[in-house]
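Participant:
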Amino acid sequence: MILSKFKRRFLFLIPVLAVIGPGIIAGNADNDAGGITTYSVAGANFGHSLLWILLLTTFALAITQEVGARMGLVTGKGLASLIREKFGIRWTTFVMICLFISNIGTISAEFAGVAASLGIFHVSKYIAVPVAIALVFTLVTKGNFKRLERLFLIVSSFYICYIVSALLAHPDFGSALKSLAAPTGVHLSGVYVLTMMAVIGTTITPWGQFFIQDYVVDKKLTKNDLNIERGDVFLGSFFTNFISFFIIVACAATLFTKGIRITDAAQAAQALKPLAGQFASALFAFGFLNASLFGAAIVPVTTAYVITEAFGLESGLNYKFREAREFYGLFLLLLILGGLVVLLPFLPLITILVVTQAINAVLLIPIFIFLFLLSKDKKLLGEYANGKLINIILLVALAAIAIASTVYAVSFFAPNIFNFFH
Numbered sequence: 060m061i062l063s064k065f066k067r068r069f070l071f072l073i074p075v076l077a078v079i080g081p082g083i084i085a086g087n088a089d090n091d092a093g094g095i096t097t098y099s100v101a102g103a104n105f106g107h108s109l110l111w112i113l114l115l116t117t118f119a120l121a122i123t124q125e126v127g128a129r130m131g132l133v134t135g136k137g138l139a140s141l142i143r144e145k146f147g148i149r150w151t152t153f154v155m156i157c158l159f160i161s162n163i164g165t166i167s168a169e170f171a172g173v174a175a176s177l178g179i180f181h182v183s184k185y186i187a188v189p190v191a192i193a194l195v196f197t198l199v200t201k202g203n204f205k206r207l208e209r210l211f212l213i214v215s216s217f218y219i220c221y222i223v224s225a226l227l228a229h230p231d232f233g234s235a236l237k238s239l240a241a242p243t244g245v246h247l248s249g250v251y252v253l254t255m256m257a258v259i260g261t262t263i264t265p266w267g268q269f270f271i272q273d274y275v276v277d278k279k280l281t282k283n284d285l286n287i288e289r290g291d292v293f294l295g296s297f298f299t300n301f302i303s304f305f306i307i308v309a310c311a312a313t314l315f316t317k318g319i320r321i322t323d324a325a326q327a328a329q330a331l332k333p334l335a336g337q338f339a340s341a342l343f344a345f346g347f348l349n350a351s352l353f354g355a356a357i358v359p360v361t362t363a364y365v366i367t368e369a370f371g372l373e374s375g376l377n378y379k380f381r382e383a384r385e386f387y388g389l390f391l392l393l394l395i396l397g398g399l400v401v402l403l404p405f406l407p408l409i410t411i412l413v414v415t416q417a418i419n420a421v422l423l424i425p426i427f428i429f430l431f432l433l434s435k436d437k438k439l440l441g442e443y444a445n446g447k448l449i450n451i452i453l454l455v456a457l458a459a460i461a462i463a464s465t466v467y468a469v470s471f472f473a474p475n476i477f478n479f480f481h
């Protein structure tokens, strides 16, 4: 009898296990090198005062990712294809050019993260970056979709390193939870507002919106999988910011309380050593390396997928190299260009990363407008189109993101503009 009940429960889990993956991987992909760096800087420089943003971005991320997943499940098409069909080739080309330029910077950030994290262990970037490019390209081109998905899910589990690292720092969780529930220590200054916009921008990304929709299509899921996939998306959105919470808390407990200010995650890992112990520092560095390699695989794959899909070319990890040469060729080009930015000493990496974030912030606006218009289209989605309540929630979320993105972009060109209110 007990064995029979166990079998029934196991059989119930089979369809769930077959569907889950896109939401969890999409959510964790947001915690890439740029994300880890942003959260580390936020915690070290501002303590718990930016934690309240995480709660808001968790809901916004869950909503937008659910919309993207739902459109992919119902139409069987990626976001780029739907934009081309509904808005024409000109708008599609514009979005693809912006996405390509901004994602080159994002990919560069991933390899900069690889170089920085291995630099802690005295590995030269001229060795670390080429090896990382070769490793990522080999894993993606030689493995099939199912194997890659399992690998990405395993890699996602390594983000637990940040939870352990935070616990070893003995933080004040009472204060952290209060700051999460309500804004505390908020102050108007150019640096604070820029960091706040960076937290929003690194959590909800343009490429991430394309990724979730293309992923469910590539996995050949259908509208019958919608309920399970919703759970997958919501779980992924929660888990990514759950990890972000511990990154901020770890840096706040060790660095902010000691008055140590940092500019990147590698500095955070090094600074943790005398304050929280070598094990906590090593875990933080390992998590940063894991996040960088994860992003170095996800972002170029997504970019290559979206661009080839947008122009009607064969794309996706289900195809062999010879069947989708443009897709894999573009993937390799993105890896090489992203790596070169890090290896060429005369290119100002920090400036490039800031410009990329500004472009990403601006790019969110048209993409989210397209997302809203497509997701409420009853001719396209039928009964699966947004209802009135979802439209209102989505509009509020999109308006907030658009305002935040615009402020972030404006503040890049006028960094002292908010000091007027200070």
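Every letter in the sequence shown is one number past the one before it in my numbering, and letter 312, counting from 1, is 371.
Beta carbons are placed, not taken as given, at the ideal position from N, Cα and C, and that holds for glycine.
Apart from the five residues just before and just after residue 234, which ones in its own chain have a Cβ nearer than 7 Å to its Cβ?
Facilitator: Only 107 meet the Cβ criterion.
Participant: If contact is defined by three or more beta carbon pairs under 8 Å, each pair taking one atom from either stretch, is the segment 98 to 115 in contact with the segment 253 to 266?
Facilitator: Yes, the segment 253 to 266 touches the segment 98 to 115.
Participant: Do the CB positions of residue 227 and residue 110 come within less than 9 Å of each other?
Facilitator: no
Participant: Determine the direct distance from the alpha carbon of residue 442 to that of residue 359, and round the result to whole angstroms.
Facilitator: 34 Å
Participant: CA-CA distance, residue 300 and residue 113?
Facilitator: 6 Å
Participant: Rounded to a whole number of angstroms, what is the C-alpha to C-alpha distance between residue 304 and residue 270?
Facilitator: 23 Å
Participant: Considering residue 299, what are the terminal residues of the alpha helix (DSSP H) in which it resides?
Facilitator: 285 to 313
Participant: Could you check which residue in 195, 370, 466 has the C-alpha nearest to that of residue 390?
Facilitator: 195
Participant: Could you tell me if residue 153 is buried or exposed, where buried requires 16 or more neighbouring beta carbons within 10 angstroms of its beta carbon?
Facilitator: Exposed, by the Cβ-count rule.
Participant: Are the beta-carbon atoms of residue 362 and residue 148 separated by less than 9 Å?
Facilitator: no
Participant: Run through DSSP, which three-state label would residue 116 get?
Facilitator: helix
Participant: Please report how far the alpha carbon of residue 230 lies from the alpha carbon of residue 308, in whole angstroms.
Facilitator: Put simply, the backbone Cα of residue 230 is about 7 Å away from that of residue 308.
Participant: Contact between the segment 365 to 380 and the segment 170 to 178 is defined here as three or more beta-carbon pairs at a separation below 8 Å; is this criterion met?
Facilitator: They do not touch, by the three-pair rule.
Participant: Return the CA-CA distance between residue 272 and residue 263, expressed in angstroms with no decimal places.
Facilitator: 14 Å
Participant: Let me check understanding here. Comparing Cα to Cα, which of 319, 266, 178, 292 lies closest to residue 58?
Facilitator: No answer is possible for residue 58: it lies beyond the span of the chain, which begins at 60 and ends at 481.
Participant: Leaving aside the five residues before and after residue 285 along the sequence, list all residues of the same chain whose C-beta is less than 6 Å from its C-beta, in chain order.
Facilitator: 132
Participant: Would you report the Cα separation of residue 179 and residue 185, rounded to the nearest angstrom?
Facilitator: Between residue 179 and residue 185, the C-alpha separation is close to 14 Å.
Participant: Nearest CA to the CA of residue 5: which residue from 237, 400, 145?
Facilitator: Not covered by the structure: residue 5. The range shown for the chain is 60 to 481.
Participant: Helix, strand or coil: how does DSSP classify residue 445 here?
Facilitator: coil
Participant: Here's the rule I'm using: 16 or more other beta-carbon atoms within 10 Å means buried, otherwise exposed. How should residue 129 be labelled?
Facilitator: buried
Participant: I'd like to confirm something about residue 229: is its beta-carbon nearer than 8 Å to some heavy atom of the ligand NAD, or not?
Facilitator: Here there are no bound small molecules, and the ligand NAD is not part of this structure.
Participant: For residue 365, I'd like the list of residues in its chain whose CB is within less than 6 Å of its CB, leaving aside the five on either flank, ordered along the chain.
Facilitator: Counting only residues of its own chain and dropping the five nearest sequence neighbours on each side, residue 365 has a CB closer than 6 Å to the CB of 139, 269.
Participant: Could you check if residue 80 is buried or exposed, using at least 16 other CB atoms within 10 Å of its CB as the buried criterion?
Facilitator: For residue 80, the pLDDT reaches just 47, beneath the cut-off of 50, and the residue's location in the model is therefore unreliable, although a value from the coordinates is still provided. The residue in question, residue 80, is buried, as its Cβ has 16 or more Cβ neighbours within 10 Å.
Participant: So residue 119 and residue 460 are in contact, right, with Cβ under 8 Å, and what is the actual spacing, rounded?
Facilitator: Right, their Cβ atoms sit about 6 Å apart.
Participant: Give a yes or no on whether 9 Å exceeds the smallest Cβ distance from residue 104 to chain C.
Facilitator: Any reference to chain C falls outside this structure, which holds one protein chain only.
Participant: Helix, strand or coil: how does DSSP classify residue 149 here?
Facilitator: Per DSSP, reduced to three states, the secondary structure at residue 149 is helical.
Participant: Quick one, which of 352, 447, 435, 225 has its alpha-carbon nearest residue 197's?
Facilitator: 352
Participant: With residue 103 as the anchor, note down where its alpha helix (DSSP H) starts and where it stops.
Facilitator: 92 to 105
Participant: Would you decide whether residue 321 is buried or exposed? Buried here means 16 or more other CB atoms lie within 10 Å of its CB.
Facilitator: Residue 321 is classed as buried because its beta carbon has at least 16 other beta carbons within 10 Å across all chains shown.
Participant: Below 8 Å on the Cβ atoms is my contact criterion, and I expect residue 395 with residue 156 to pass it. Report the Cβ-Cβ distance as a whole number of Å.
Facilitator: That pair is no contact at about 19 Å.
Participant: I need the straight-line Cα distance from residue 158 to residue 246, nearest angstrom please.
Facilitator: 33 Å
Participant: Rounded to whole angstroms, what is the Cα-Cα separation between residue 454 and residue 431?
Facilitator: 8 Å
Participant: I need the straight-line Cα distance from residue 344 to residue 176, nearest angstrom please.
Facilitator: 6 Å
Participant: With 16 as the cutoff for other CB atoms within 10 Å, does residue 456 come out buried or exposed?
Facilitator: buried
Participant: Using a Cβ-Cβ cut-off of 6 Å (strictly less than) and excluding sequence neighbours within five positions of residue 346, which residues of its own chain qualify?
Facilitator: 220, 221
Participant: For residue 423, name the three-state secondary structure that DSSP assigns.
Facilitator: In the structure shown, residue 423 sits in a helix (DSSP, three-state: H, G or I).
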